[in-house]
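*Asks:* Structure below; questions to follow.
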């Protein structure tokens, strides 16, 4: 059963697709002007969606009860960041740096919780942009066919950036767009500066491509188990029909491996195991048939991982990512203990860490990120607000997982969302990929599609009206 969409939904959906395609292009949108532009576009799409519904006098579906708690939790860091930025908070809450600056300047200053109000507002702008992407994607992909189209296009966009990255890599030019590389030589980074960040982006695209292909395979399996002799013919038929998607998977997997990012590759592989496990092993006989029919896909992945594993194998003997950063984690924890409830201001890690850094942290000379998103959020927002933000994301993924038994045709979208959360959640333990706007926007896009299918109202799809419908 298709869900009818309004003209406004259609226009905004394609605008969202263009935004998703654009976001990785300007160095992952990780420059001030690109961040602002991405947030502006996200807000405009949300405004267009609301305006279109108002003009058409279309009543939006009631907010599903399962979404209320995640949205309330997500609102907590938004409101708290505004409090950190404001000057009307009690003086006892203000960071000591304001008193010290006033003493040096010899004139009074308005104190704040945030040590860098501009950075706090800039980071809050990014967060609001991601929330706008999530809400827009959730609103415009309630139709399962539209959800499938959205993830198909995202996988194709990812393959396009992978093709560009591979072309640059094999040409030996060591460039990013119009610039000469200044770091991560000999690694595929596509339009991103950091190989670890690009590994996360490629991993998200790979999860979408593999998940959709697995679902195609499952749909072609008959209800009753096939004889073994007929399964190879089914596998060949799938190869002929889905050759383009196999190429997409090949490009993404090859680009991922050639990043040489140990944490990015490892997180993606674990997420793939979760994806394949949920998708293929839902019944003993159909699981066996699915695994055999998916043999071409598995062979493509294994061959790609083996052939393109050189950069990663070259780094196996190096220290683990976490070991390199343990001194920084220790100092960050110490800084959190100084102000565990109030935080130091959203987006202020660089300034605060510079004041706590000692000789145990060898390099780089300037630490802009904690290389652990959870610790960085706790330092900046304070522990309660940071936990609320993380819990909001985890709840959506958990409820998607819980809703899987009650979703037949749309179960794959929930599976992709859960596996994507595993990927970014694991990688965030040792890196900062979610702090790159293009990656957070991509993840918000995927989770918006997931939420649309998780919390779809019963009136939209009678055949899936149990549980979370």
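In the working numbering, the protein residues as written are 10 to 478.
Note that CB positions come from ideal geometry on N, CA and C, so glycine has one too.
Could you tell me the distance, in whole angstroms, from the CA atom of residue 377 to the CA atom of residue 415?
*Replies:* One C-alpha to the other measures close to 44 angstroms.
*Asks:* Between residue 119 and the rest of its own chain, which residues show a CB-CB distance below 6 angstroms, the 5 nearest in sequence each way excluded?
*Replies:* Correct list, in chain order: 96.
*Asks:* Could you tell me which residues DSSP pairs with residue 425 in its beta bridges?
*Replies:* None, per the DSSP bridge assignment.
*Asks:* Residue 85 bridges to which residues according to DSSP?
*Replies:* None, per the DSSP bridge assignment.
*Asks:* Pull up the distance between the alpha-carbon of residue 355 and that of residue 435, whole angstroms please.
*Replies:* For residue 355 and residue 435, the distance between alpha carbons rounds to 22 angstroms.
*Asks:* Is it true that the CB of residue 217 sits closer than 7 angstroms to the CB of residue 425?
*Replies:* Cβ distance < 7 angstroms, so residue 425 and residue 217 count as in contact.
*Asks:* Beta-carbon within less than 6 angstroms of residue 387's beta-carbon, same chain only, minus the 5 sequence neighbours each way: which residues are those?
*Replies:* If we look at residue 387 and ignore the five residues flanking it on each side, its Cβ neighbours are 345, 395.
*Asks:* Give a yes or no on whether the C-beta atoms belonging to residue 341 and residue 397 are separated by under 7 angstroms.
*Replies:* No, these two residues do not count as a Cβ contact at 7 angstroms.
*Asks:* Taking the alpha-carbon positions, what's the residue 391 to residue 123 distance?
*Replies:* Straight-line Cα distance between these residues: approximately 11 angstroms.
*Asks:* I'd like to check one pair, residue 125 with residue 357: are the Cβ atoms closer than 7 angstroms?
*Replies:* Result yes, Cβ atoms of residue 357 and residue 125 sit closer than 7 angstroms.
*Asks:* Counting pairs of beta carbons, one from the segment 257–277 and one from the segment 162–181, are three or more of them closer than 8 angstroms?
*Replies:* At 8 angstroms Cβ cutoff, the stretches touch.
*Asks:* Strictly by DSSP, which residues pair up with residue 494?
*Replies:* For the chain, the structure presents residues 10 to 478; residue 494 sits outside this window and is missing.
*Asks:* Closest to residue 339 by CA distance: which of 353, 385, 350, 360 is it?
*Replies:* Minimum Cα distance to residue 339 is reached at 385.
*Asks:* Quick one: measure Cβ to Cβ for residue 423 and residue 433, integer angstroms, because I've assumed they're closer than 8 angstroms.
*Replies:* So it is not a contact: roughly 16 angstroms between Cβ atoms.
*Asks:* Are there three or more Cβ pairs, one per stretch, closer than 8 angstroms when the segment 42–51 is compared with the segment 129–147?
*Replies:* The segment 42–51 vs the segment 129–147: in contact.
*Asks:* Helix, strand or coil for residue 348, going by three-state DSSP, please let me know.
*Replies:* Coil.
*Asks:* For residue 37, tell me which candidate among 437, 462, 185, 421 has the shortest Cα-Cα distance.
*Replies:* Selected option, being the one with the closest Cα: 185.
*Asks:* Buried or exposed: which applies to residue 428, given that a residue is buried once 16 or more other Cβ atoms fall within 10 Å of its Cβ?
*Replies:* Residue 428 should be labelled buried.
*Asks:* Counting pairs of Cβ atoms below 8 angstroms between the segment 194–203 and the segment 166–175, do you hit three or more?
*Replies:* Yes: at least three Cβ pairs fall under 8 angstroms.
*Asks:* Residue range of the alpha helix (DSSP H) that residue 24 falls in?
*Replies:* Residues 16–31.
*Asks:* Compute the Euclidean distance between the alpha carbons of residue 460 and residue 411, then round it to the nearest angstrom.
*Replies:* For residue 460 and residue 411, the distance between alpha carbons rounds to 12 angstroms.
*Asks:* At which residues does the alpha helix (DSSP H) containing residue 254 begin and terminate?
*Replies:* Taken as a continuous stretch (DSSP letters only), the alpha helix (DSSP H) holding residue 254 covers 252–267.
*Asks:* Does DSSP put residue 135 in a helix, in a strand, or in coil?
*Replies:* It is helical.
*Asks:* Going by other Cβ atoms of all chains shown within 10 Å of its Cβ, with 16 needed for buried, is residue 1 buried or exposed?
*Replies:* The structure shown does not extend to residue 1, since the chain spans only 10 to 478, so no value can be given for it.
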